[in-house]
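Novice:
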Amino acid sequence: MKRFRAHSALLVVAALAVAATAATAATSAAPPLKNGGTLTIGLESDPDALDPTLARTFVGRIVFIHMCEKLYDLNRKLEIVPQLAASLPKLSADKQTVTIALRRGIKFNDGTAFDAAAVKKSLDRHKTLPRSTRASEISPVTSVDARGKYTVVLHLSERYSPLTAQLADRAGMVMSPKALDDLGDRFATNPVCVGAFMYKERQAGDHITLGKSPYYYGRKNVHLDSIVFKIITDPSARSQNLRSHDIEVENAIPSTELRAITADRSLRVLKSTSIGYQGITLNIGNKNGVTKAYENVGTAIARSSDLRRAFELALDRKVINRVIFGGTTQPDCFPWAPGSPWYAAVRGLPCHLTANVNAAKAAFARSGAKAPVTVKLMLGTDPIAARLGQVIQSMVKPIGFDVELQPTEFTTSLNRQDAGNYETFQIGWSGRVDPDGNFYQFVNSKGSQNTSGYANGIVDRATNNARKAATTKARVASYRAAVKQVLKDLPLIYLWHPVNRVGASRTVSGVQVYGDGLIRSQFAGFKK
Amino acid sequence: MSAIDPSVSIELTGRARRRRLVRKRFLRRPFAVAGLVVALAFIVVAIFAPVVAPYAPDASDFSQILAKPSPEHLLGTDELGRDVFSRIVWGSRASIQAGVFATLLAMAIAVPIGLAAGYYRGWIDPVIARLTDVMLAFPFLIIAVALAAILGPSLRNATIALAIGAAPALIRISRGEALSLREEDYVRAAIANGASDVRILRRHVLPNMLSTLIVQATVTIPAAIIGEAVLSFLGLGVQSPATSWGVMLSDAKDYLGEAPRLAFYPGMAIFLCSLSFNLLGDGLRDVLDPRTTR
Amino acid sequence: MGGFLLSKLGAALVVLVISSMLVFLGVRALPGDPATALGAENRDPAVMAAVRSKYGLDDPLPIQYLHWAGLAVRGDLGTDQRELSVAETIVDRIPITLELAGLSILIGALIGLPAGIIAAYRRGKPEDYAATTGALVGLSVPHFWLGLMMISLFAVHLDWLPAGGYVPFSEDPAANLQHMLMPAIVLGTGLSAVLMRQMRSSMLGSLSADYVRTARAKGLPERTVVLKHALRNSLITVTTVLGLQLGALISGAVITEQIFVIPGFGRLTIDAINQRDYTLLQGVVLVAAAGYVVVNLTVDVMYSVLNPRIRVSSKPA
Chain A
34 MKRFRAHSAL LVVAALAVAA TAATAATSAA PPLKNGGTLT IGLESDPDAL
84 DPTLARTFVG RIVFIHMCEK LYDLNRKLEI VPQLAASLPK LSADKQTVTI
134 ALRRGIKFND GTAFDAAAVK KSLDRHKTLP RSTRASEISP VTSVDARGKY
184 TVVLHLSERY SPLTAQLADR AGMVMSPKAL DDLGDRFATN PVCVGAFMYK
234 ERQAGDHITL GKSPYYYGRK NVHLDSIVFK IITDPSARSQ NLRSHDIEVE
284 NAIPSTELRA ITADRSLRVL KSTSIGYQGI TLNIGNKNGV TKAYENVGTA
334 IARSSDLRRA FELALDRKVI NRVIFGGTTQ PDCFPWAPGS PWYAAVRGLP
384 CHLTANVNAA KAAFARSGAK APVTVKLMLG TDPIAARLGQ VIQSMVKPIG
434 FDVELQPTEF TTSLNRQDAG NYETFQIGWS GRVDPDGNFY QFVNSKGSQN
484 TSGYANGIVD RATNNARKAA TTKARVASYR AAVKQVLKDL PLIYLWHPVN
534 RVGASRTVSG VQVYGDGLIR SQFAGFKK
Chain B
3 MSAIDPSVSI ELTGRARRRR LVRKRFLRRP FAVAGLVVAL AFIVVAIFAP
53 VVAPYAPDAS DFSQILAKPS PEHLLGTDEL GRDVFSRIVW GSRASIQAGV
103 FATLLAMAIA VPIGLAAGYY RGWIDPVIAR LTDVMLAFPF LIIAVALAAI
153 LGPSLRNATI ALAIGAAPAL IRISRGEALS LREEDYVRAA IANGASDVRI
203 LRRHVLPNML STLIVQATVT IPAAIIGEAV LSFLGLGVQS PATSWGVMLS
253 DAKDYLGEAP RLAFYPGMAI FLCSLSFNLL GDGLRDVLDP RTTR
Chain C
659 MGGFLLSKLG AALVVLVISS MLVFLGVRAL PGDPATALGA ENRDPAVMAA
709 VRSKYGLDDP LPIQYLHWAG LAVRGDLGTD QRELSVAETI VDRIPITLEL
759 AGLSILIGAL IGLPAGIIAA YRRGKPEDYA ATTGALVGLS VPHFWLGLMM
809 ISLFAVHLDW LPAGGYVPFS EDPAANLQHM LMPAIVLGTG LSAVLMRQMR
859 SSMLGSLSAD YVRTARAKGL PERTVVLKHA LRNSLITVTT VLGLQLGALI
909 SGAVITEQIF VIPGFGRLTI DAINQRDYTL LQGVVLVAAA GYVVVNLTVD
959 VMYSVLNPRI RVSSKPA
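Residue numbers (the numbering used here), protein chains in the order written: chain A, 34 to 561; chain B, 3 to 296; chain C, 659 to 975.
1) Can you tell me the Cα-Cα spacing of leucine 421 of chain A and leucine 794 of chain C, whole angstroms?
2) Please confirm whether glutamine 450 of chain A has its beta-carbon closer than 8 angstroms to some beta-carbon of chain B.
3) For the alpha helix (DSSP H) holding isoleucine 90 of chain B, just list the boundary residues, first then last.
4) Name, please, each residue of chain B whose Cβ falls closer than 7 angstroms to the Cβ of glutamine 426 of chain A.
5) By the criterion of Cβ-Cβ separation under 8 angstroms, what are the contact partners of methionine 807 of chain C in chain B?
6) Report the CB separation of leucine 520 of chain A from leucine 382 of chain A in whole angstroms; it is logged as a contact under 8 angstroms.
7) Using 8 angstroms as the limit for Cβ to Cβ distance, is glycine 297 of chain B near chain A?
8) Looking at chain A, is there any beta carbon in it that lies within less than 8 angstroms of the beta carbon of phenylalanine 87 of chain B?
9) Taking only beta-carbon positions, decide if threonine 694 of chain C is within less than 8 angstroms of chain F.
10) Please report whether the beta-carbon of serine 246 of chain B lies at a distance below 8 angstroms from any beta-carbon of chain A.
11) Three or more beta-carbon pairs under 8 angstroms between the region 390 to 405 of chain A and the region 101 to 120 of chain B, yes or no?
12) Just to make sure I have the definition right: I need the residues of chain A whose C-beta is within less than 8 angstroms of the C-beta of alanine 151 of chain B. Which are they?
13) Name the residue from A:Asp81, A:Asp467, A:Val352 whose alpha carbon lies nearest to the alpha carbon of methionine 428 of chain A.
14) Please specify which runs of the beta strand (DSSP E), each continuous and at least 3 residues long, are wholly inside the region 221 to 251 of chain A, giving them in chain order.
15) Can you check which of these residues, B:Gly239, B:Ile90, B:Ala55, is closest to arginine 263 of chain B by C-alpha distance?
16) For glycine 228 of chain A and serine 209 of chain A, which I take to be in contact (beta-carbon distance under 8 angstroms), what is that distance rounded to the nearest angstrom?
17) Let's see if you can read the secondary structure: which residues bound the beta strand (DSSP E) around tyrosine 105 of chain A?
18) Taking a Cβ distance cut-off of 8 angstroms, strictly less, list which residues of the region 73 to 87 of chain A are near chain C, in chain order.
19) Taking glycine 848 of chain C as the reference, which of C:Met861, C:Ser828, C:Gly770 has the closest Cα?
20) First and last residue of the beta strand (DSSP E) that includes glutamate 785 of chain C?
21) For asparagine 489 of chain A, name the three-state secondary structure that DSSP assigns.
22) Are there 16 or more other CB atoms within 10 angstroms of the CB of methionine 840 of chain C, so buried, or fewer, so exposed?
23) According to DSSP, is lysine 128 of chain A part of a helix, a strand, or is it coil?
24) For my contact list, isoleucine 152 of chain B and leucine 865 of chain C are in at a C-beta cut-off of 8 angstroms; report their separation, rounded to the angstrom.
25) Measure the C-alpha to C-alpha separation of tyrosine 779 of chain C and aspartate 288 of chain B and round it to an integer number of angstroms.
26) Count the other CB atoms within 10 Å of the CB of histidine 530 of chain A; is the residue buried (16 or more) or exposed (fewer)?
27) I'd like to know if the region 229 to 249 of chain A and the region 115 to 134 of chain A are in contact, where contact means that at least 3 CB-CB pairs between them fall below 8 angstroms.
28) Give me the Cα-Cα distance between proline 170 of chain B and threonine 872 of chain C, rounded to the nearest whole angstrom.
29) Using the rule of at least 16 other Cβ atoms within 10 Å of the residue's Cβ for burial, across every protein chain shown, is alanine 63 of chain A buried or exposed?
30) With 16 other CB atoms within 10 Å as the buried threshold, where does tyrosine 487 of chain A fall?
31) What distance in whole Å lies between the Cβ atoms of glycine 461 of chain A and glutamine 311 of chain A, which are believed to be in contact at a cut-off of 8 angstroms?
32) Just the Cα atoms here: how many angstroms apart are leucine 438 of chain A and phenylalanine 802 of chain C?
33) Would you kindly report the start and end of the unbroken alpha helix (DSSP H) that includes histidine 206 of chain B?
34) Counting only Cβ pairs nearer than 7 angstroms, list the residues of chain B close to threonine 407 of chain A.
35) When DSSP labels each residue in this structure, what does asparagine 700 of chain C get in the three-state scheme?
36) Comparing C-alpha positions only, which one of C:Pro720, C:Arg701, C:Gly733, C:Thr755 sits nearest to leucine 944 of chain C?
Spelled out as C-alpha cells, the structure:
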C-alpha cells in the first residue's frame, strides 16, 4: 500500500507499464541453462495474503506469477493471450455472455485435475467471499456456469470490455478446489494453484519460498529448483545484496544506487515506466468527506484557481526529478504516461517541465491574494518525502506561498484525505490499463476517489461520454476536453511517472520484465 | 520555628561546608570538568544557533548538491545542497531541547510519585510499584515508538514519549531515596515534632535527595538525546524542514555509499554531546555521592 | 519460601493483565484505521466493511478485549493481515532476536566483565580510568549510528561483511555468523559498558568483604582470591543485572534489526505499527511484555535462592 506514495515512487510500478523501453532478458539466442539452483529475488515490501481473492499488493502479483497461473496472460507486447484458457473468450452478439474454453490435461500443484468446475468455484469465491478485492473487478459478472468439463460461461449484467484484462490478473487465477475445501478463507496459509512453482513456506516479513512443481504441464521448460522471494525493505541494503550476489534479482532499485549498479558489469538493469503517476491533490470542495455533497472548503488555495495556477507554475518538475530522484523518473503533467496509447488525448496540451516564475507571479497577482499565502502540504514521514516537501517549499516561496509541511503516517493520511481534513496532499496512483481508471474516479463529481471534491460540468460530461464512446477517437477527444478543463482548475497537479528498475545478475538468464513491471522468472535459470 | 528545630541549622552549615568541598573535589576531575565545559558549549550553541550558523538550516542550493567540505561550506552540503555545518548547529536545538525537557518532564512526573510511594508506603507503594513494573515491562523504545505514533510525529511529542519512557526508572530511584531518608534521625525528629508532611518532604527529604536527582538527570539527558535521534531516525520525531541530528542521520542513510560524511558528522555530534553529559554526570556522582570515594 | 514465591507470582500476573490491557488500548489509540490499510488502493467500501466485521472492529472495546484475551490465554493470537498465524510468526521470529541478544551478551560479557574486574582490582590506577572512561564512551555512542558507520566501512567500502540480512544458522552457520557479527557488536558494545560498570562496583564490594580478607589472611594466592572468591559473588549480582537488561536489549534490537535488515522481533514490531496490523502488533507487544515479566520473575526467584537474605528484606520495589 505504501508504495503509492511519492517517496517510494521508484518502488511504484503500475498495473501495466507502457514504456517502449520495457526490457526483457536475453531474448534472441538464449544461452543454455543449467537445471537446478535457487533464484533469490529481493522485494521491497512484504506481500499481503497469498490468496488471489484477497490479495492487494503489487509485490504479491510478482509472487503469484510464479505459482498461480491465470485464464489469460500478457505477452511481451502486452497483448492478452490465453494461459489456462484454450483461446480468447467468445462473446455473444449482445456481448453479455462470455464463453471460455479451457486447456485440458492440466493439474493443480496438489495433483488434482484442473477443470471448468474449478474455474467456477474460484470465480464464485472472488465474487462472494467477504473482503474479496476481486468482487469489484468483476462486478458485472452475474453468474458463472460450467458447461461440460472444459468450458465456462460467464453471464454479464452489462457490456464490460475490461473483463479479459481482469481475467489476465488475479481475478483469472484458479485455485485448487481441494485446497479451498480444506482451508476455506485460510487458503493463504498453503495456496495451491496451477503454476511452474508451488508454495513451500513463508516467514512473514522475511521470505517466501517456492519449489519446482512436479505437476506443472510445462515442467520441462522449468530449470530452477526453487525461488526465494526475500523481503528487504531498506533500499540500500537491497542493492547491497544484489551487488554482493546474495540475491540474483532486485526489484525497485533506488535512484541513489542506480549508478553503482549500472556500472557493475556482473549486473544488468531492466526498466519499465509506470502507467501510474505521482502528484499533488488539492482539496477544493471536499468539506464533508469524499463523495459527500461538495462545497468549497474556503482555504485560499481552494477559493482561487489563479493561486493554484501560481503554485503549479512555480514547481520545477525537472529539478524535482534531478534532485530527489537522481533523474530516474519521467516528469510529466498528465494522468497518462507518454507511450500509453491514451497519451494521444493530451499530446500538445501545455506542459511546462521547468518552473515559470514570472507567469507564477502574474497568476499570484491576478488572484489578488496577499503574500504570504499559507498552504498546508500533507506528505509521508520518510526522508524522500521530506526532501520533496522541502524542495516544493523552496520553489513556491519566492512566489508568495508559505508551505507548511504536514508529514503524516500513511494510513492516517488516507483517512484524512477521505474525510476532507487536508489542504493539499502529495499522493499518486498506481495506474490502470484502461484510461478511465487513472482519471474518472478522481475528477468526475461522482467519482469514488474524488477527494479533491472537484465538480465541473464540462469534466463530468466529457468523462461520462468517454465511458460510453463507441470509437477510440471519440474517447480521445472526450478525454482531451476533460483534461484541458482539469489543467485549468487544477484539482490535481500531476508531477511525474515513476520508473521501475529491476536489477539482475548476469549469472542468470531468462528473467523478464514486461511493460507491466512484473518480474517473470518461471523459466529462468543459471547459465551453464 | 526553625530556631527550635536543631537539625535545620546544623544541616545548613553542614551543607555550606559540603558545597565548598564538592566544588573542590569536582574541579580535581579533569574529565568531569571537560564534560561540563563541552555540555555548556553545546547549550550555548543551541541557544545562539541563528548567530553561530552561517546559513539557514533549510536554505537549499540545488546547484551545490553533496558538495565536499570547502571554506564556503565547512562540512560540505547535503543531498539538497544545504549547509551541513549549519544544520548541525540548528540540529543541536532539537537534541538539547529533547534531552533537557524530556528529563525535566520525567522528573516532574516521577519524583512526586516516587516520593509518595516511598514516604507514605501503605497501599500506595505496592500500587505504584506494580504500575512501574507494567511500564518497565515494555521495552523503552517500543513505548516511545508507540507513543510517538499515537501522538503524531513532532519534537514535542517525541519529548513527551521520551519523558514517559524515562519516568519508571526515576520513580524507582526517588522511591528508594524517600524510603531510606524517612528513616534518618532528623526526619524522624521532624515527624515527632509534628511537622506537616509537605513541610517534611520539602525541607528534609527533597533537599537530601537532590544530589541523587542531579546525577540521575545528567545521565538521563544523554539517554534522551540519543532517544530523540532514534525517534527522528525512524521518522517519529522532528519533521522536515526543521532539523535534528536524528533527522540528518535518517537523510544520510541513503547516501552511505556516495557521501558517508553526511552520516558521520551528526553522529559525532550526538556522541560528543551525550559523552559530555555522561562525563559530567559520572563526575557529579563521584563528588556528590558520599558512598563513593576515590 | 512458598509464600514469597506466591506473592511474586501474583504480582507478575497482575502486571501481565494490566500490560495486556495497555497493549490493547495502545494499539487502538494509534491513528489510522486498519480497514483503510486493508482496503487496497481504491479503498472499496464493501471490502472495508468486511474487514471491520472480520476483525470485530465495530464491537465495543471491552468485548473486543475479552475476545482477544480469551483466545490469547489459549495461545491463539489470531491471524495477521497476510492471513498468517500471529503466534507462528512470533515463534519464528523469537529465535532470531534471541540469537542476536545471545551473541550481544557474549560480546558484552567478553569485553565488559574482564574490564570491570581489572578496573576494580586496579582501582584508581590508569587501567581503572581507561576502563571507566571507555564505558562512558560506550554509553554515549548512539548505537544505530555505530551500525551505520560500520556498514559504511565494512560492507560498502571494504566489502568484508554483508550490509544486512539474515541467514538461518541451520542453513549456513558461517553465513549466519557473518550476518550477525556487526549487529551483535553494535548491541554488545553498549551492553559491555553497562556490565563493566556493574562488575566494577560489585567487585569493589566483594574485594573489601570479610571472606576475601579471610582468604587473603589464610595466604591463598591472590589469583585464587580474586578469581574464585570475589568473582563468584560478584557474578551473582551481574547476572541479575543482565536479566534486567533484557528490556534494553529488545529496545536495542528494534533499531539494530531495522538497520541490519534482520527479520527479528524488533522489525516485526515496527512493521506491525506501520501497517496498522492490530492483531500482529498486539501479539508482538504482549509477548515482549510477558517475556520481560517472566525473566524478571526468574531473576527474582534465582536471586533469592542464591542470596537468602533478600527474601526477608525485599519489599515491592
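Each residue gets a CB set at the ideal place from its N, CA and C atoms; glycine is no exception. Owing to the predicted nature of the structure, the values given are computational and were not obtained by experimental measurement.
Specialist: Taking the coordinates as given:
1) Position 388 of the first sequence, counting from 1, holds the residue named residue 421 of chain A. Position 136 of the third sequence, counting from 1, holds the residue named residue 794 of chain C. Whole-angstrom Cα-Cα distance: 39 angstroms.
2) Locating residue 450 of chain A in the first sequence gives position 417, where the first residue counts as 1. Against chain B, the CB of glutamine 450 of chain A has no partner CB under 8 angstroms away; the residue lies outside that interface.
3) Counted from its first residue, the second sequence places residue 90 of chain B at position 88. From DSSP, the alpha helix (DSSP H) with isoleucine 90 of chain B extends over 86 to 122.
4) Residue numbering aside, residue 426 of chain A sits at position 393 when the first sequence is read from its first letter. Those within 7 angstroms of glutamine 426 of chain A in chain B are Pro243.
5) In the third sequence, residue 807 of chain C corresponds to position 149, counting from 1. Scanning chain B for C-beta atoms nearer than 8 angstroms to the C-beta of methionine 807 of chain C yields Pro262, Ala265, Phe266, Gly269, reported in chain order.
6) Residue 520 of chain A sits at position 487 when you count from the first residue of the first sequence. Residue 382 of chain A sits at position 349 when you count from the first residue of the first sequence. Yes, leucine 520 of chain A and leucine 382 of chain A are in contact; Cβ-Cβ is about 7 angstroms, under 8 angstroms.
7) Look at the range of chain B in this structure, 3 to 296, and you will see that residue 297 of chain B is not part of it.
8) Counting from 1 along the second sequence, the entry for residue 87 of chain B is found at position 85. With 8 angstroms as the cut-off, phenylalanine 87 of chain B does not count as an interface residue toward chain A.
9) Included in the structure are the protein chains A, B and C, with no chain F among them.
10) Residue 246 of chain B sits at position 244 when you count from the first residue of the second sequence. Nearest CB-CB separation between serine 246 of chain B and chain A: not below the 8 angstroms threshold.
11) Between the region 390 to 405 of chain A and the region 101 to 120 of chain B, the count of Cβ pairs shorter than 8 angstroms is below three; the stretches do not touch.
12) The residue given as residue 151 of chain B occupies position 149 in the second sequence. Glu442, listed in chain order.
13) Sequence index remark: in the first sequence, residue 428 of chain A carries index 395 (1-based). It is A:Val352 whose Cα lies nearest to the Cα of methionine 428 of chain A.
14) Here the runs fully enclosed are 230 to 236, 240 to 245.
15) The residue labelled residue 263 of chain B in the question sits at position 261 within the second sequence. Measuring from the Cα of arginine 263 of chain B, the nearest candidate turns out to be B:Ile90.
16) Reading the first sequence from its first residue, position 195 is the one you call residue 228 of chain A. Reading the first sequence from its first residue, position 176 is the one you call residue 209 of chain A. Contact doesn't hold; Cβ gap of about 11 angstroms is too wide.
17) Translated into positions along the first sequence, residue 105 of chain A becomes position 72. Start and end: 105 to 107.
18) Those would be Asp79, Pro80, Asp81, Ala82, Leu83, Asp84, Leu87, in chain order.
19) In the third sequence, the residue the question calls residue 848 of chain C occupies position 190. It is C:Gly770 whose Cα lies nearest to the Cα of glycine 848 of chain C.
20) As a first step, residue 785 of chain C is located in the third sequence; it is residue number 127 there, counting from the start. Per DSSP, glutamate 785 of chain C belongs to no beta strand (DSSP E); it is in the alpha helix (DSSP H), 784 to 798.
21) As a first step, residue 489 of chain A is located in the first sequence; it is residue number 456 there, counting from the start. In the three-state reduction of the DSSP assignment, asparagine 489 of chain A falls in the coil class, being assigned neither a helical nor a strand state.
22) Against the third sequence, residue 840 of chain C aligns to sequence position 182. With at least 16 other beta carbons inside 10 angstroms of its own, methionine 840 of chain C counts as buried.
23) As a working note, residue 128 of chain A is residue 95 in the first sequence. Lysine 128 of chain A falls in the coil class under three-state DSSP.
24) Counting from one through the second sequence, the residue named residue 152 of chain B turns up at place 150. Counting from one through the third sequence, the residue named residue 865 of chain C turns up at place 207. In this structure isoleucine 152 of chain B is not in contact with leucine 865 of chain C, their Cβ atoms being roughly 48 angstroms apart against a cut-off of 8 angstroms.
25) Position 121 of the third sequence holds residue 779 of chain C. Position 286 of the second sequence holds residue 288 of chain B. Approximately 18 angstroms between the Cα atoms of the pair.
26) For the purposes of this step, residue 530 of chain A is taken as the residue at position 497 of the first sequence. Buried, by the Cβ-count rule.
27) With a cut-off of 8 angstroms, the region 115 to 134 of chain A and the region 229 to 249 of chain A do not count as touching, because too few Cβ pairs lie within range.
28) Residue 170 of chain B sits at position 168 when you count from the first residue of the second sequence. Residue 872 of chain C sits at position 214 when you count from the first residue of the third sequence. The alpha-carbon of proline 170 of chain B is positioned some 41 angstroms away from that of threonine 872 of chain C.
29) Here residue 63 of chain A is taken as the residue at index 30 of the first sequence, counted from 1. Classification for alanine 63 of chain A: exposed.
30) Counting from one through the first sequence, the residue named residue 487 of chain A turns up at place 454. Under the 10 Å beta carbon count, tyrosine 487 of chain A is surrounded by 16 or more other beta carbons and is classified as buried.
31) Counting from 1 along the first sequence, the entry for residue 311 of chain A is found at position 278. Counting from 1 along the first sequence, the entry for residue 461 of chain A is found at position 428. Indeed they touch by this definition, with Cβ atoms about 4 angstroms apart.
32) Taking the first residue of the first sequence as position 1, residue 438 of chain A is located at position 405. Taking the first residue of the third sequence as position 1, residue 802 of chain C is located at position 144. Their backbone Cα atoms lie some 27 angstroms apart in a straight line.
33) As a first step, residue 206 of chain B is located in the second sequence; it is residue number 204 there, counting from the start. Looking at the DSSP string, histidine 206 of chain B is not in any alpha helix (DSSP H), and its letter there is neither H nor E.
34) In the first sequence, the residue the question calls residue 407 of chain A occupies position 374. Result: empty, since nearest Cβ-Cβ is about 14 angstroms, beyond 7 angstroms.
35) As a position in the third sequence, residue 700 of chain C is number 42, starting the count at 1. Note: asparagine 700 of chain C maps to coil in three-state DSSP.
36) Stepping through the third sequence from its first residue, residue 944 of chain C is reached at position 286. Checking every option, the nearest Cα to that of leucine 944 of chain C belongs to C:Gly733.
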